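Trainee: Heads up, the sequence shown is in the numbering used here, so the first residue is 3 and it goes up one at a time.
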Amino acid sequence: MATDFGDESGEKLFDWVLRIGQDASEQAMFASAEKLKNALRNARGEIGGKGPEDAAEQPSEWAKLSMEQFASLPEYRSIKEIIDGKLSGEGIEHAFFEDKGKEYLLFKVEDAPSVSRAFGDLEKQADIALDRALEARGKTREQIRDAQPLEERAASARESAKAMEAARGKAHEIEIAAVRSK
3 MATDFGDESG EKLFDWVLRI GQDASEQAMF ASAEKLKNAL RNARGEIGGK
53 GPEDAAEQPS EWAKLSMEQF ASLPEYRSIK EIIDGKLSGE GIEHAFFEDK
103 GKEYLLFKVE DAPSVSRAFG DLEKQADIAL DRALEARGKT REQIRDAQPL
153 EERAASARES AKAMEAARGK AHEIEIAAVR SK
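(1) Given 8 Å as the limit, is there contact between the region 26-46 and the region 117-125, that is, 3 or more CB pairs closer than that?
(2) Go through its chain and collect everything with a Cβ distance to Leu20's Cβ below 6 Å, but skip five positions before and after it.
(3) Return helix, strand or coil for Glu70, following the three-state DSSP convention.
(4) Could you tell me the boundaries of the beta strand (DSSP E) in which Asp101 lies?
(5) Identify every residue that forms a DSSP beta bridge with Lys37.
(6) Could you check the C-alpha separation between Phe109 and Leu38 for me, to the nearest Å?
(7) Leaving out five residues before and five after Ala58 in sequence, what residues of the same chain have Cβ atoms less than 6 Å from its Cβ?
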């Protein structure tokens, strides 16, 4: 089934969406997939941000991306494995590490465009995985959306708008780690 998605990470996203669905309703599957896509989208924006520049310092070789948005999602360990598998499959050198209680994804600055593309692919695969999981339950996105009371949809839209505004106004979490050659 990996051919349905283009690679194994899409299959793992499909399994993740199904596990969420087993634990909750179709609306929870839909909401979790949307939150994952937002986290991927926000991470892509952070990856595209510029790191601190200091003419006195040598250029940085490594960048770190906060995994905080992903850690708040259900089945974070699975999401981390999916990201790891996708980046490994793309041949991107990376590692996960903790610093001061926060988890980060470390990658080479020169690989930032490739990391961003990989996250974009995962965002698309999350949509495909959601549609397939809903189809397996005999539902569509429209049915799930229409089944939700209007007040809940309005509250959800307001919450999404606030989150997007906060993400826009927030300083990028990506940090360029200063690595100097000796």
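Ideal Cβ positions, reconstructed from N, Cα and C, are used throughout, including at glycine. Remember, it's a predicted structure, so these values are computed and weren't measured experimentally.
Mentor: Put simply:
(1) yes
(2) Correct list, in chain order: Ala135.
(3) Helix.
(4) 96-101
(5) According to DSSP, residue pairing for Lys37 in a beta bridge does not occur.
(6) 21 Å
(7) Residue confidence is low: Ala58 scores 48 on pLDDT, short of 50, so the model does not pin down where it sits. Its coordinate-derived value is still stated next. For Ala58, where only same-chain residues beyond five positions count, there are no Cβ hits under 6 Å.
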